[in-house]
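*Asks:* Dropping the structure in here first, questions after.
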Amino acid sequence: MEEKKFDPNSIIGFILIFGLLIWIMYNNKPSEKEIAAEKAKKELVVKETAEAKAVAANAVTAPVAVSDTLQMANLQKSLGSFAYSAALPSAKEAFTTIENKLVVLKIANKGGYIVEATLKNYDKFNKGSGELVKLIKDNNANLNIQLFTSDNHTLNTKDLYFEPTLTKNGADQVLSMRLKSADNQYLEYKYVLKADDYMLDFDIKSQGLSTVLNTSKPLNLEWALKGYTNEKSITTENRYSEMYYEHEDGKSDYMGSGKDKTENVEGVSYIAYKQHFFSSILLTSTPFAKAELYSNNLVGGDNKDTTYTKQFKAIVPLAFKNGEIDQKMNWYYGPTDYKLLKSYDRNLEDIVALGWGIFGWINRHAFIPMFGFLSMFISQGWAIVLFTILIKLVMSPITYKSFLSQAKMKVLRPEIAELGEKFKKDPMKKQQETMKLYNKAGVNPMAGCVPGLLQMPVFYALFQFFPSAISLRQKGFLWADDLSSYDSVYQLPFSIPAYGNHISLFPILASIAIFFYMKMTTGDQQMAAPQQEGMPDMAKMMKIMIYVSPLMMLLFFNNYAAGLSLYYFISNSITIGIMLVIKNYIIDSDKIHAQIQENKLKEPKKQGKFQRKLQEVMEQQEALKAEQKKK
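Numbering (full-length UniProt numbering), first residue to last: 1 to 631.
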């Protein structure tokens, strides 16, 4: 390896270069006068930049002076043509309140949108708590339009200050919020609140902005809201908190629950953010060409401390016409009340979950009018009791038919057992002879099933009716303080999976009533049913269901509306009573047996289509079997 040697020439070179640099720096050093001028220039730039940023971010707390030419230039640079608004007295944190007997709306200068929407007649959680329901508060909602100016600036209305002007038109309060580019150039939000209404007019229009804004494409209006929890049961409230919308000339639909749900729809005439018993709805006279909708479930598995239920957002276009915007709309902030929403004749009642098809029809045309009428004279709790009695009276003929059919099958059981023994080795022949016996005796084996099927629409309709009835909200009965929520009689120190951390009494009573009802009906069905192959397993399954069904009822309804559990308790108790009366005082087994024997001597009744078809199928199978034996 070559040994490195000391090179004195390199050292001398480095010293000369270093000295040369020092000499250059010394000769180029600015004078004290130049330093002072540069410092003043920097301070001016910092000051102007800070003022421009303050205006652009709307962080000013007082009107901004614009007399200075340089300062005005910076304002124009930050806000484009809308810099004029920053010089107005309204360019500060201030609010305007409009209210009537039902609602209080607080609108901010910044953004020109509602920052508080309070419902005067509804308390949060428990009645008498003193905390009113607020659909908007603490920045849980916003409204924004992104503006593209002709001088290539992009602005968001939520960051800019509007100038408020509050007037009265008779009993109506009219609030004009204007974002100005000049005195005769502005974007306006116009709110009109009537004296006794949850619905207010809301118009967005522009004037003289055709030269200020880029009108080559629509403006996007973005409306977002996070729904606060207002009820005792977060689980139930979240289940019924959904986004609804009407599109394509009257079709109502909703967004499914879940994480990050998105949809794109066309021809939208309203968008509703439903928070179970309360809703925020945006309606438009001229349908939006399209809408981008977003919904996100914010309730997790452990929802004890949940503040919000759902995150909703919608983006809709505002189209220019002759270079200006003129969109007439409405806001609704109020209860999700079927009758109230229906009174607006805008199909808003479709957001109330009453069930589809026949189930919704029963609720709309039978249960809502009936329950509403009863509630006019008695409390909601007693109205449920009387409501249940009336329904059971209407359904009693069907119940009687079902029990009568079971009684007839029970009388025929010995003869069916004889046929089973006689044709033990020929199941097909046994079925044929059994059908002949039914026909001679005038007994329809399906008669016991049909009444149960006819009651299913009523059962499901009521299942939808009670959780949607806002008239039950915070109405007490016996130990329940809120019939729209669970009736907790004991708070557990722990939580049981699928059950909860409390004990509700109405579901326990309903489960007991279901147990005795199934004990009676299942026992009669087992006695009436003929013994056939496989029946021991079926009987075992039916016995298991006697215990499983009440348990499922108890688990499912422990967190459900107490009004629904009350209905099922009363309903099953009445059914048990009707069964005992029919069995002990109306149906006489001896008379039924005598009637059946008399029917056997008569000409067999003409078979129905179902029985005839079944008979033909069995005969064909029997003939096919005989043919196969010959071969």
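Note that the Cβ used here is the ideal one computed from N, Cα and C, for glycine as well. From a predicted model like this one, the values you see are computed outputs, not experimental measurements.
Just reading off the beta strand (DSSP E) that A319 is part of, what are its end residues?
*Replies:* Taking the first residue of the sequence shown as position 1, residue 319 is located at position 319. Note, A319: premise wrong, no beta strand (DSSP E); not H, not E.
*Asks:* Would you call the CB atoms of V174 and G334 closer than 8 Å?
*Replies:* Sequence index remark: in the sequence shown, residue 174 carries index 174 (1-based). Sequence index remark: in the sequence shown, residue 334 carries index 334 (1-based). Not in contact: V174 and G334 (Cβ atoms no closer than 8 Å).
*Asks:* Are G355 and Q464 close, meaning C-beta to C-beta below 8 Å?
*Replies:* Indexing the sequence shown from 1 puts residue 355 at position 355. Indexing the sequence shown from 1 puts residue 464 at position 464. Yes; because the gap between Cβ atoms is below 8 Å, this pair is in contact.
*Asks:* Among P414, A561 and K583, which has the Cα closest to the Cα of residue 632?
*Replies:* Outside the displayed range of the chain (1 to 631) lies residue 632, so it cannot be described from this structure.
*Asks:* Tell me which residue opens and which closes the beta strand (DSSP E) that Y191 is part of.
*Replies:* For the purposes of this step, residue 191 is identified with residue 191 of the sequence shown, where counting begins at 1. Element bounds for Y191: Q185 to L193.
*Asks:* Please classify F506 as buried or exposed, where buried requires at least 16 neighbouring CB atoms within 10 angstroms.
*Replies:* Against the sequence shown, residue 506 aligns to sequence position 506. Counting Cβ neighbours within 10 Å, F506 comes out buried, since at least 16 surround it.
*Asks:* Under the three-state reduction of DSSP, which class applies to R239: helix, strand or coil?
*Replies:* By 1-based counting over the sequence shown, the position of residue 239 is 239. Here R239 sits in helix by DSSP.
*Asks:* T211 lies in the alpha helix (DSSP H); which residues open and close that run?
*Replies:* Residue 211 sits at position 211 when you count from the first residue of the sequence shown. First-last for T211: undefined, no H or E at that position.
*Asks:* Using a threshold of 8 Å, state whether the C-beta atoms of E222 and N144 are closer than that.
*Replies:* Taking the sequence shown and counting its residues from 1, the one referred to as residue 222 is at position 222. Taking the sequence shown and counting its residues from 1, the one referred to as residue 144 is at position 144. Yes.
*Asks:* Work out the CA separation of L580 and K392 for me, nearest whole Å.
*Replies:* Residue numbering aside, residue 392 sits at position 392 when the sequence shown is read from its first letter. Residue numbering aside, residue 580 sits at position 580 when the sequence shown is read from its first letter. If I take the Cα positions, the gap works out to 15 Å.
*Asks:* Am I right that Y270 and M243 are in contact with their C-beta atoms under 8 Å? What's the rounded C-beta distance?
*Replies:* Working through the sequence shown from its first residue, we reach residue 270 at position 270. Working through the sequence shown from its first residue, we reach residue 243 at position 243. With a Cβ gap of about 11 Å, Y270 and M243 do not count as contacting.
*Asks:* In the DSSP assignment, find the unbroken beta strand (DSSP E) run with Y122 in it and report its ends.
*Replies:* Taking the first residue of the sequence shown as 1, we reach residue 122 at position 122. Element bounds for Y122: I114 to D123.
*Asks:* Could you check the C-alpha separation between I544 and L551 for me, to the nearest Å?
*Replies:* In the sequence shown, residue 544 corresponds to position 544, counting from 1. In the sequence shown, residue 551 corresponds to position 551, counting from 1. Going from the Cα of I544 to the Cα of L551 covers about 11 Å.
*Asks:* Out of curiosity, what's the CA-to-CA distance linking V212 and Y161?
*Replies:* The count along the sequence shown starts at 1 and reaches residue 212 at position 212. The count along the sequence shown starts at 1 and reaches residue 161 at position 161. Cα-Cα distance, rounded: 17 Å.
*Asks:* Please state the DSSP three-state secondary structure of K513.
*Replies:* Start at 1 with the first residue of the sequence shown, and residue 513 comes out as number 513. Inspection of the sequence shows that residue 513 is occupied by Ala rather than by Lys. It is helical.
*Asks:* Given a threshold of 16 other Cβ atoms within 10 Å of its Cβ, counted over all protein chains shown, does N109 qualify as buried or as exposed?
*Replies:* Counted from its first residue, the sequence shown places residue 109 at position 109. N109 should be labelled buried.
*Asks:* Buried or exposed: which applies to F459, given that a residue is buried once 16 or more other Cβ atoms fall within 10 Å of its Cβ?
*Replies:* Here the question's residue 459 lines up with position 459 in the sequence shown. Label assigned to F459: exposed.
*Asks:* For Q474, which three-state DSSP category applies?
*Replies:* In the sequence shown, counting from the first residue as 1, residue 474 sits at position 474. Note: Q474 maps to coil in three-state DSSP.
*Asks:* Ordered along the chain, which non-local residues of its own chain (more than five positions away) have a Cβ less than 7 Å from that of P218?
*Replies:* For the purposes of this step, residue 218 is identified with residue 218 of the sequence shown, where counting begins at 1. Excluding sequence neighbours, P218 sits near P317, L318, A319 and F320.
*Asks:* Is A289 close to chain D, meaning its C-beta is less than 8 Å from at least one C-beta of that chain?
*Replies:* Of the protein chains in the structure, only one exists, and it is not chain D.
*Asks:* Rounded to whole angstroms, what's the CA-CA distance from F202 to K124? Just pull it up for me.
*Replies:* Translated into the one-based positions of the sequence shown, residue 202 becomes position 202. Translated into the one-based positions of the sequence shown, residue 124 becomes position 124. Approximately 27 Å, taken between the alpha carbons.
*Asks:* Among E163, M435, S396 and K92, which has the Cα closest to the Cα of E415?
*Replies:* Stepping through the sequence shown from its first residue, residue 415 is reached at position 415. Ranking the options by Cα distance to E415, first place goes to M435.
*Asks:* Spatial neighbours of G476 within its chain, please: C-beta separation below 6 Å, excluding the five flanking residues on both sides.
*Replies:* On the sequence shown, position 476 is the one that residue 476 refers to. Around G476: no qualifying Cβ.
*Asks:* Between G130, K328, K190 and T154, which has its C-alpha nearest L166's C-alpha?
*Replies:* Within the sequence shown, the letter at position 166 stands for residue 166. With distances taken between Cα atoms, L166 lies closest to K190.
*Asks:* Given a cut-off of 8 Å, decide if V265 and L282 are closer than it, judged by their beta-carbon atoms.
*Replies:* Position 282 of the sequence shown, counting from 1, holds the residue named residue 282. Position 265 of the sequence shown, counting from 1, holds the residue named residue 265. No, the pair does not count as a contact, with Cβ atoms beyond the cut-off.
*Asks:* First and last residue of the beta strand (DSSP E) that includes N169?
*Replies:* Position 169 of the sequence shown holds residue 169. Residues E163 to N169.
*Asks:* Could you compute how far the alpha carbon of E349 sits from the alpha carbon of Y338?
*Replies:* Numbered from its first residue, the sequence shown carries residue 349 at position 349. Numbered from its first residue, the sequence shown carries residue 338 at position 338. About 5 Å.
*Asks:* So, using beta-carbon positions, are T157 and L179 closer together than 8 Å?
*Replies:* As a first step, residue 157 must be located in the sequence shown, where it is residue number 157. As a first step, residue 179 must be located in the sequence shown, where it is residue number 179. A contact, by the Cβ cut-off of 8 Å.
*Asks:* Under three-state DSSP, which class holds R364?
*Replies:* As a first step, residue 364 is located in the sequence shown; it is residue number 364 there, counting from the start. R364 falls in the helix class under three-state DSSP.
*Asks:* Please report how far the alpha carbon of T229 lies from the alpha carbon of K408, in whole angstroms.
*Replies:* One-based indexing of the sequence shown puts residue 229 at position 229. One-based indexing of the sequence shown puts residue 408 at position 408. If you take the alpha carbons of T229 and K408, they lie about 54 Å apart.
*Asks:* Around the C-beta of Q376, are 16 or more other C-beta atoms found within 10 angstroms, so that it is buried, or is it exposed?
*Replies:* Within the sequence shown, residue 376 is the residue found at index 376, counting from 1. Reading the sequence as shown, one finds Met at residue 376 and not Gln. The residue is exposed, with fewer than 16 neighbouring Cβ atoms inside 10 Å.
*Asks:* Short check: CB of N220 to CB of T149, under 8 Å?
*Replies:* On the sequence shown, residue 220 is found 220 positions in, with the first residue counted as 1. On the sequence shown, residue 149 is found 149 positions in, with the first residue counted as 1. The answer is no: Cβ separation not under 8 Å.
*Asks:* To which residues does DSSP link S488 through a beta bridge?
*Replies:* Taking the sequence shown and counting its residues from 1, one reaches residue 488 at position 488. Paired residue(s): S504.
*Asks:* Where does K134 fall in DSSP's three states?
*Replies:* In the sequence shown, counting from the first residue as 1, residue 134 sits at position 134. The answer is strand: DSSP assigns K134 an E or B state.
*Asks:* I'd like the ranges of any beta strand (DSSP E) spanning at least 3 consecutive residues and lying wholly in the segment 217-296.
*Replies:* As far as the segment 217-296 is concerned, its whole beta strand (DSSP E) runs of at least 3 residues are 219-228, 241-247, 251-254 and 261-275.
*Asks:* Apply the 10 Å Cβ neighbour rule to Q491 and answer buried if 16 or more other Cβ atoms are within range, or exposed otherwise.
*Replies:* Counted from its first residue, the sequence shown places residue 491 at position 491. With fewer than 16 Cβ atoms within 10 Å of its Cβ, Q491 is classed as exposed.
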